[in-house]
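In the numbering used here, the protein residues as written are 1076 to 1389.
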């Protein structure tokens, strides 16, 4: 947006005349196209298939990408009869609103697959997911449908020593300039950042969280990062958080936004939470240049449409 006029005096062949130059307004840290959304009237878009089905219920983070005009969604399904096994499901859509389950579901049922995200890199789909006991593991696929398990992620402290015993879940990957970055949480008490050159051994950038709960109530106790987006020269993190559990009823989660210039130092959006009412595991999908949709994936899939469109340039 052109907003500022600078007056410059030019001297040409003894003639003095002013030149008007326009300067662009700096891009705000939290542009409206990433913070202003309106709920779709047809929500929820996608729910559990009901009793008697392998995906009677769905839960946690699913993942949606738009690829060659098609929306593709991977999700976690489970049955009340087998709550000990979370399996991988798949659905497609032409508009991102009406979804069709894949006839060959579940795609993968040999290991626990929950809270997943997918990144395509050099022609291969990489799925980072929670496995049994909330330990992150990696699967790969040539087409997004046929998956093979690589194994549990080897994440280490900055010293190279193994992490202390315990879960490390909600794995979120970002690949840039030959380096793979991994965000993960430990019991939702903070988000850590590790990196790798080969996706085999991941080493903490630092042994302290890069994103922590609080200080406000909406994410005052628990936090987990769902997605990283690079937009307008900045990194944006979509994350879910929760405050104190009420004396009665279930814990409530929110969907929130933070910004960074280096993936390590994050500033939370002052207008958080972006989504309330227990809509969590949020991710955005760019439906067209500068126009985003915000999907909340848990405990059912809902979409919030863009209230504004941003500049196209990156």
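Where a beta carbon is used, it is the ideal one built from N, C-alpha and C, also for glycine.
Q: Output yes or no for whether 8 Å exceeds the beta carbon distance between residue 1297 and residue 1316.
A: Walking along the chain shown from the start, residue 1297 turns up at place 222. Walking along the chain shown from the start, residue 1316 turns up at place 241. Yes, Cβ-Cβ distance for residue 1297 and residue 1316 is below 8 Å.
(Q) Here's the rule: buried if 16 or more other CB atoms are within 10 angstroms of the residue's CB, otherwise exposed. What is residue 1189? (A) By 1-based counting over the chain shown, the position of residue 1189 is 114. It counts as buried.
(Q) So, with DSSP's three-state summary, where would you put residue 1369? (A) Stepping through the chain shown from its first residue, residue 1369 is reached at position 294. DSSP places residue 1369 in strand when its eight states are reduced to three.
Q: Mind the definition here: the stretch 1278–1296 touches the stretch 1363–1370 only if three or more C-beta pairs lie below 8 Å; say whether that holds.
A: no
Q) Thinking C-beta only, is residue 1300 closer than 8 Å to residue 1245? A) On the chain shown, residue 1245 is found 170 positions in, with the first residue counted as 1. On the chain shown, residue 1300 is found 225 positions in, with the first residue counted as 1. Yes; because the gap between Cβ atoms is below 8 Å, this pair is in contact.
Q. In chain order, which continuous runs of the beta strand (DSSP E) of length 3 or greater are located wholly inside the stretch 1286–1342?
A. Within the stretch 1286–1342, the complete beta strand (DSSP E) segments at least 3 residues long are 1297–1306, 1309–1317, 1328–1335, listed from N- to C-terminus.
Q: From the DSSP output, in three-state form, read off residue 1208 for me.
A: If you number the chain shown from 1, residue 1208 lands on position 133. The three-state secondary structure of residue 1208, taken from DSSP, is helix.
Q) Secondary structure at residue 1109, three-state DSSP: helix, strand or coil? A) Residue 1109 sits at position 34 when you count from the first residue of the chain shown. In this structure, residue 1109 counts as helix in the three-state DSSP scheme.
(Q) Tell me whether the stretch 1201–1214 and the stretch 1175–1182 touch, counting them as touching only if at least three CB pairs, one residue from each stretch, are closer than 8 Å. (A) The answer is no - the stretch 1175–1182 does not touch the stretch 1201–1214, with fewer than three Cβ pairs under 8 Å.
Q. Under a three-way DSSP split, which group does residue 1384 fall into?
A. For the purposes of this step, residue 1384 is identified with residue 309 of the chain shown, where counting begins at 1. Reduced to three states, the DSSP call for residue 1384 is coil.
Q: Run the CB neighbour count on residue 1217, radius 10 Å, all protein chains shown included, and call it buried at 16 or more, exposed below.
A: Along the chain shown, one-based indexing puts residue 1217 at 142. By the 10 Å Cβ count, residue 1217 comes out exposed.
Q) Just to confirm, are residue 1210 and residue 1356 a CB contact at a threshold of 8 Å? A) What you label residue 1210 is simply residue 135 of the chain shown in a count that begins at 1. What you label residue 1356 is simply residue 281 of the chain shown in a count that begins at 1. Not closer than 8 Å, so no.
Q. Name the DSSP bridge partner or partners of residue 1255?
A. Indexing the chain shown from 1 puts residue 1255 at position 180. 1250, 1271, per the DSSP bridge assignment.
Q | Beta-bridge pairing of residue 1154 - partner residues as DSSP gives them | A | Counted from its first residue, the chain shown places residue 1154 at position 79. In DSSP, residue 1154 forms a bridge with 1157.
Q.
Here's the rule I'm using: 16 or more other beta-carbon atoms within 10 Å means buried, otherwise exposed. How should residue 1126 be labelled?
A. Along the chain shown, read from residue 1 onward, the residue named residue 1126 stands at position 51. With fewer than 16 other Cβ atoms within 10 Å, it is exposed.
(Q) Measuring CB atoms only, is the stretch 1256–1276 touching the stretch 1230–1246, in the sense that at least three cross pairs come out at less than 8 Å? (A) yes
Q: From the DSSP output, in three-state form, read off residue 1397 for me.
A: No statement about residue 1397 is possible, as the shown extent of the chain runs from 1076 to 1389 and does not include it.
Q.
Which residue marks the beginning of the beta strand (DSSP E) containing residue 1193, and which one marks its end?
A. Working through the chain shown from its first residue, we reach residue 1193 at position 118. Per DSSP, residue 1193 belongs to the beta strand (DSSP E) from 1189–1196.
Q) Is the stretch 1327–1334 touching the stretch 1099–1117 in the sense that three or more CB pairs, one from each, lie closer than 8 Å? A) Because the criterion of three Cβ pairs below 8 Å is met, the stretch 1099–1117 and the stretch 1327–1334 touch.
**Q.** Straight-line Cα distance separating residue 1274 from residue 1214
**A.** Locating residue 1214 in the chain shown gives position 139, counting from the first residue. Locating residue 1274 in the chain shown gives position 199, counting from the first residue. About 11 Å.
Q) Assuming residue 1238 contacts residue 1225 under a Cβ cut-off of 8 Å, what Cβ separation, rounded to an integer in Å, is found between them? A) Within the chain shown, residue 1238 is the residue found at index 163, counting from 1. Within the chain shown, residue 1225 is the residue found at index 150, counting from 1. With a Cβ gap of about 18 Å, residue 1238 and residue 1225 do not count as contacting.
Q | Candidates 1338, 1195, 1144: closest to residue 1281 by CA position | A | Translated into the one-based positions of the chain shown, residue 1281 becomes position 206. Considering only alpha carbons, the answer is 1338.
Q: Pull up the CB-CB distance for residue 1354 and residue 1371, whole angstroms please, since I reckon it's below 8 Å.
A: Against the chain shown, residue 1354 aligns to sequence position 279. Against the chain shown, residue 1371 aligns to sequence position 296. Right, their Cβ atoms sit about 4 Å apart.
(Q) Judging by CA-CA distance, which residue of 1350, 1131, 1121 is the nearest neighbour of residue 1148? (A) Within the chain shown, the letter at position 73 stands for residue 1148. Checked all of 1350, 1131, 1121; the closest Cα to residue 1148 is 1121.
Q: Give the C-beta separation of residue 1160 and residue 1306 to the nearest angstrom, bearing in mind that I take them to be a contact with Cβ-Cβ under 8 Å.
A: For the purposes of this step, residue 1160 is taken as the residue at position 85 of the chain shown. For the purposes of this step, residue 1306 is taken as the residue at position 231 of the chain shown. Contact flag wrong, Cβ pair sits at about 37 Å.
Q | CB of residue 1384 within 8 Å of CB of residue 1119, strictly | A | Here residue 1384 corresponds to residue number 309 of the chain shown, with the count starting at 1. Here residue 1119 corresponds to residue number 44 of the chain shown, with the count starting at 1. Contact: no.
Q. Under a three-way DSSP split, which group does residue 1182 fall into?
A. For the purposes of this step, residue 1182 is taken as the residue at position 107 of the chain shown. Residue state, collapsed to three classes: coil.
Q: Could you please give the first and the last residue of the uninterrupted beta strand (DSSP E) stretch that includes residue 1278?
A: The residue you call residue 1278 lines up with position 203 of the chain shown. First-last of the beta strand (DSSP E) with residue 1278: 1276–1279.
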